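Read through the structure below, which is laid out as structure tokens, and then see the notes.
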Amino acid sequence: LAHILAKIEGNLAGADEIIMLDASGHVAEGSGQNLFLAKGGIVKTPPPYAGILLGVTRNVVIDLARQAGLTVHETMLNRYDIYTADEVFLTGTASEVVPVRQLDGRVIGGGSPGPITRDMMTRFKAYVRS
37 LAHILAKIEG NLAGADEIIM LDASGHVAEG SGQNLFLAKG GIVKTPPPYA GILLGVTRNV
97 VIDLARQAGL TVHETMLNRY DIYTADEVFL TGTASEVVPV RQLDGRVIGG GSPGPITRDM
157 MTRFKAYVRS
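Everything in the sequence shown is counted per our numbering, starting at 37 for the first residue and increasing by one.
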């Protein structure tokens, strides 16, 4: 229920999606998606023990990123990590891989999907088709 209410509140504020924080203020997930960021060629995502949704799509994207030669760290993240990321994207069964262009009015990266996000979008679509 909290995810639904947060999504409604975000939509009323003009956001397409919301980012949920845990009780300690760490970044957790979207309203129904897992969150990833890329910085300096390293992909990071909150770990399972952070109380996140253990999504199938999340696991596939982690595997695809590693197959692409990327280092993936499952680690606690905060808002600063998001604000200073080169790229941020969300993953989910229905949404697949979706870039995040801004958070709290701050542009992420250059404001458009970065190379890692685009690569994960392409790889995931190919995975689904196979």
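C-beta: ideal position from N, C-alpha, C; glycine also.
Since this is a predicted model, take the numbers as computed values, not measurements.
Non-local C-beta neighbours of asparagine 114 in its own chain, meaning closer than 7 Å and more than five positions away in sequence, comprise Gly61, His62, Val63, ordered along the chain.
The C-alpha of serine 166 is placed about 25 Å away from the C-alpha of threonine 81.
The C-alpha of arginine 159 is placed about 11 Å away from the C-alpha of isoleucine 98. Residue environment for valine 79: buried (at least 16 other C-beta atoms within 10 angstroms of its C-beta). Taking a 10 Å sphere around the C-beta of alanine 74, we find 16 or more other C-beta atoms and assign the residue as buried.
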